[in-house]
Amino acid sequence: FKEVPGPCDPEDLLDGVIFGAKYLGSTQLVSERNPPTSVRMAQAQEAVDRIKAPEGESQPMTEVDLFVSTQRIKVLTADTQEAMMDHPLQTISYIADIGSIIVLMARRKLPRRTEASGEKRLYKMICHVFHSADAQLIAQAIGQAFSVAYQHFLQVNSIDPSQLRLRQQGHSPEDEELYNGDLAHFSKQENCKEVCIQKQKGEILGIAIVESGWGSILPTVVIANLMHGGPAEKSGELSIGDRLMSVNGTSLVGLPLSTCQSIIRDLKHQTEVTLSIVHCPPVTTAIIRRPDSKYQLGFCVENGIICSLMRGGIAEKGGIRVGHRIIEINGQSVVATPHEKIIQILTQAVSEVHIKTMPASTYRLLTGQEQPIFL
Amino acid sequence: SALTITVNPMEKYEQPHQAEE
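These protein sequence lines are chains A and B, in that order.
Residues 1 to 375 in this note's numbering are what the first sequence spells out, letter by letter.
Residues 1001 to 1021 in this note's numbering are what the second sequence spells out, letter by letter.
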């Protein structure tokens, strides 16, 4: 077990290691058996929200010792060393850490009578919330205990780990549900609105438009720039990133950019233009779930711009679009990063990869590399 | 600060009787 990385000596984890922490409380959640990471994150956050005292109120907490071994995790009172909780390690679903908070998720099966036939078995999760300045270290030690126990299990059962590489990471990407921030965004009525713009006959609206990019869930044009002092800007109702659904009742959804441009140009002689828009931020976030670097990301990048996308790949499922420039990877700006470095970051990125993008043409317009063609 | 999740790989192998009742 010497190979298993982590803060502890793997041999020590066989006997058990103790960490001091403050116990804040426990709560229960109902969960499916192997939820995707995004669901686990929401569960952990929910547990913390339920337990943490509101800002300004004092947080009740008890000094405890966390006993971590490859067999079990126990919560002992610091003074009497009495076991408050004792969970076999295989019932620990996952450990989450956020800042100085640790959330331990242990499973309990729901009684059979609560299960409807044909439905997924649901589990009751007992969520214990702790505070410690060493939260990350403790979480890493528990993660290490998971790995040591798992290696031991594979050895005992003569399972070749190389055959399990993909399974042990949790979900296979093929099973992953589609993540698309757009879908949630577009389905909210408050993001959709009708904008009425008054203008002089012969005057242009003063908007520049670009394609939303292949892979976008709503194939329609995006406002890339607003002409200073133009009717669109003066209305104060439009911003860069907004999707144009229709103009004066003519749908733009699914039409080529050039067709959309000529439809908007034809409005020149109108004095009132009604735009149906979905308000969107100029930057979109894609979340790619990649359990292992063995999985292809499923897109090609040239000079920071996504130039092709593999149909059905994890990138497409995560909301990556062709023609977009990568702005950030996992919170780190890459706008001034050389191509080779971006490739290196992407090649090594695993687990949940958060990528912020914007249409490359919008980026060029915003950075003054290209002059907008106002319509 | 970032929320980090470490999933127990043994979760997949847990037998129903092992879940705490």
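Glycine residues also receive a C-beta, built at the ideal position from the N, C-alpha and C atoms.
Remember, predicted model here, so these are calculated numbers, not experimental data.
State the start and end residues of the unbroken beta strand (DSSP E) segment that holds E352(A).
-> In the first sequence, the residue the question calls residue 352(A) occupies position 352. Taken as a continuous stretch (DSSP letters only), the beta strand (DSSP E) holding E352(A) covers S351 to P359.
Which stretch, first to last residue, makes up the alpha helix (DSSP H) that contains E233(A)?
-> As a position in the first sequence, residue 233(A) is number 233, starting the count at 1. Here the alpha helix (DSSP H) through E233(A) covers P231 to S235.
Under 6 Å Cβ to Cβ from R165(A), same chain only, skipping five residues before and after it: list those, please.
-> Start at 1 with the first residue of the first sequence, and residue 165(A) comes out as number 165. Note that R165(A) scores a pLDDT of 48, beneath 50, so its modelled location is shaky; the value from the coordinates is reported in the next line. So no residue of the chain qualifies.
Nearest CA to the CA of K356(A): which residue from P281(A), Q296(A), S308(A) and T347(A)?
-> Position 356 of the first sequence, counted from the first residue, corresponds to residue 356(A). If we check each option's Cα against that of K356(A), P281(A) comes out closest.
Output the boundary residues of the alpha helix (DSSP H) element that contains G143(A).
-> Sequence index remark: in the first sequence, residue 143(A) carries index 143 (1-based). Element bounds for G143(A): A135 to V156.
S93(A) versus chain B: which residues are under 8 Å apart at the beta carbon?
-> Locating residue 93(A) in the first sequence gives position 93, where the first residue counts as 1. For a Cβ distance threshold of 8 Å, residue set V1007, N1008 and E1011 of chain B lies close to S93(A), ordered along the chain.
Going along the chain, which unbroken runs of the alpha helix (DSSP H) with 4 or more residues stay wholly within the region 271 to 346 of chain A?
-> Listed in chain order, the complete alpha helix (DSSP H) runs (minimum 4 residues) inside the region 271 to 346 of chain A are 314 to 318.
Can you tell me which of the three DSSP states H228(A) falls into?
-> Along the first sequence, one-based indexing puts residue 228(A) at 228. Three-state result, H228(A): coil.
May I ask you to verify whether the region 323 to 331 of chain A touches the region 341 to 357 of chain A, counting CB pairs closer than 8 Å and requiring at least 3?
-> The region 323 to 331 of chain A makes contact with the region 341 to 357 of chain A: 3 or more CB pairs, one atom from each, lie closer than 8 Å.
For T220(A) and V253(A), believed in contact at Cβ under 8 Å, the rounded distance = Here residue 253(A) corresponds to residue number 253 of the first sequence, with the count starting at 1. Here residue 220(A) corresponds to residue number 220 of the first sequence, with the count starting at 1. About 5 Å separates the two Cβ atoms, so the contact holds.
Cutoff 8 Å: L89(A) Cβ touching any chain B Cβ | Residue numbering aside, residue 89(A) sits at position 89 when the first sequence is read from its first letter. It does; some Cβ of chain B falls within 8 Å.
Can you say whether D242(A) is buried or exposed, counting buried as having 16 or more other CB atoms within 10 angstroms of its CB?
-> Numbered from 1 along the first sequence, position 242 holds the residue referred to as residue 242(A). By the neighbour-count rule (16 or more Cβ atoms within 10 Å), D242(A) is buried.
Residue nearest to T284(A) in terms of C-alpha spacing, selected from I314(A), G213(A), H339(A) and V148(A) = As a working mapping, residue 284(A) is identified with position 284 in the first sequence. For T284(A), the closest alpha carbon among the candidates I314(A), G213(A), H339(A) and V148(A) is that of G213(A).
May I ask which residues mark the beginning and end of the beta strand (DSSP E) holding E194(A)?
-> By 1-based counting over the first sequence, the position of residue 194(A) is 194. C192 to Q198 is the extent of the beta strand (DSSP E) around E194(A).
Is DSSP giving E115(A) helix, strand or coil here?
-> The count along the first sequence starts at 1 and reaches residue 115(A) at position 115. Only weak support is given to the placement of E115(A): the predicted model assigns it a pLDDT of 49, under 50, and the value that follows is read from those uncertain coordinates. Look at E115(A) here: in three-state DSSP terms it is coil, with no helix or strand label.
What do you reckon, are the CB atoms on I305(A) and A224(A) nearer than 8 Å?
-> Residue mapping note: residue 305(A) aligns to position 305 of the first sequence, counting from 1. Residue mapping note: residue 224(A) aligns to position 224 of the first sequence, counting from 1. No, they are not a contact pair.
The region 266 to 290 of chain A: positions lying closer than 8 Å to chain B by Cβ | Cβ contacts with chain B: none found.
My understanding is that S93(A) touches N1008(B), with C-beta atoms under 8 Å, so please give their C-beta distance in whole angstroms.
-> Taking the first residue of the first sequence as position 1, residue 93(A) is located at position 93. Taking the first residue of the second sequence as position 1, residue 1008(B) is located at position 8. Confirmed, about 6 Å.
Using a C-beta cutoff of 8 Å, does P173(A) count as contacting chain B?
-> Your numbering for residue 173(A) matches position 173 in the first sequence. With a pLDDT of 46 at P173(A), under the threshold of 50, the modelled position of this residue cannot be trusted; read the value that follows with caution. False, the Cβ-Cβ gap to chain B never drops below 8 Å.
To which residues of the same chain is E237(A) closer than 7 Å at the C-beta, ignoring the five residues directly before and after it?
-> Within the first sequence, numbered from 1, the residue matching residue 237(A) stands at position 237. Excluding residues within five positions, the ones whose Cβ falls inside 7 Å are V195.
Examine chain B for any beta-carbon lying closer than 8 Å to the beta-carbon of G230(A), and answer yes or no.
-> What you label residue 230(A) is simply residue 230 of the first sequence in a count that begins at 1. With respect to chain B, the C-beta atom of G230(A) has no partner C-beta closer than 8 Å.
Could you tell me whether the region 81 to 89 of chain A touches the region 362 to 372 of chain A, where touching means 3 or more Cβ pairs closer than 8 Å?
-> Counting Cβ pairs under 8 Å, fewer than three are found: no touch.
Spatial neighbours of E233(A) in its chain, beta-carbon cut-off 8 Å, leaving aside the 5 residues before and after | Locating residue 233(A) in the first sequence gives position 233, where the first residue counts as 1. Excluding positions up to five away in sequence, the list reads G206, L226 and M227.
Min CB distance A47(A) to chain B below 8 Å | The residue labelled residue 47(A) in the question sits at position 47 within the first sequence. With respect to chain B, the C-beta atom of A47(A) has no partner C-beta closer than 8 Å.
Per DSSP, which one or two residues make a beta bridge with V64(A)?
-> As a first step, residue 64(A) is located in the first sequence; it is residue number 64 there, counting from the start. Bridge partners of V64(A): A21(A) and T77(A).
Are any of the Cβ atoms in chain B nearer than 8 Å to that of D292(A)?
-> The residue you call residue 292(A) lines up with position 292 of the first sequence. No, no contact with chain B.
Report yes if the CB atom of L244(A) is closer than 8 Å to the CB atom of M125(A), and no otherwise.
-> Residue numbering aside, residue 244(A) sits at position 244 when the first sequence is read from its first letter. Residue numbering aside, residue 125(A) sits at position 125 when the first sequence is read from its first letter. No, Cβ-Cβ distance for L244(A) and M125(A) is not below 8 Å.
Would T37(A) count as contacting chain B if we go by Cβ distances under 8 Å?
-> The sequence position of residue 37(A) within the first sequence is 37, counting from 1. The Cβ of T37(A) sits closer than 8 Å to at least one Cβ of chain B.
For I98(A), return the contacting residues in chain B, with the cut-off set at a CB-CB distance below 9 Å.
-> Counting from one through the first sequence, the residue named residue 98(A) turns up at place 98. Near I98(A) (Cβ distances below 9 Å), the residues of chain B are S1001, A1002, L1003 and T1004.
So, does the CB of G318(A) fall closer than 8 Å to a CB anywhere in chain B?
-> Within the first sequence, residue 318(A) is the residue found at index 318, counting from 1. Residue-level contact by beta carbon fails for G318(A) and chain B, as no gap is shorter than 8 Å.
Expressed to the nearest angstrom, what Euclidean distance is found between the alpha-carbon atoms of H268(A) and Q200(A)?
-> Within the first sequence, the letter at position 268 stands for residue 268(A). Within the first sequence, the letter at position 200 stands for residue 200(A). Reading off the sequence shown, one finds Lys at residue 268(A), where the question assumed His. Taken atom to atom, the span from the alpha-carbon of K268(A) to that of Q200(A) is near 9 Å.
Does DSSP classify P256(A) as helix, strand or coil?
-> The residue given as residue 256(A) occupies position 256 in the first sequence. Correct three-state label for P256(A): coil.
Residues of chain B with CB under 9 Å from R40(A), in chain order?
-> For this step, residue 40(A) is matched to residue 40 along the first sequence. Listed along chain B, the residues sitting closer than 9 Å to R40(A) by beta-carbon distance are I1005 and V1007.
Any Cβ of chain B within less than 8 Å of the Cβ of A149(A)?
-> Stepping through the first sequence from its first residue, residue 149(A) is reached at position 149. At least one chain B Cβ lies under 8 Å of A149(A).
From the beta carbon of I306(A), is the nearest beta carbon of chain B less than 8 Å away?
-> Counting from one through the first sequence, the residue named residue 306(A) turns up at place 306. False, the Cβ-Cβ gap to chain B never drops below 8 Å.
Starting from G143(A), find everything on chain B with Cβ-Cβ shorter than 7 Å and list it in chain order.
-> Position 143 of the first sequence holds residue 143(A). Correct list: T1006.
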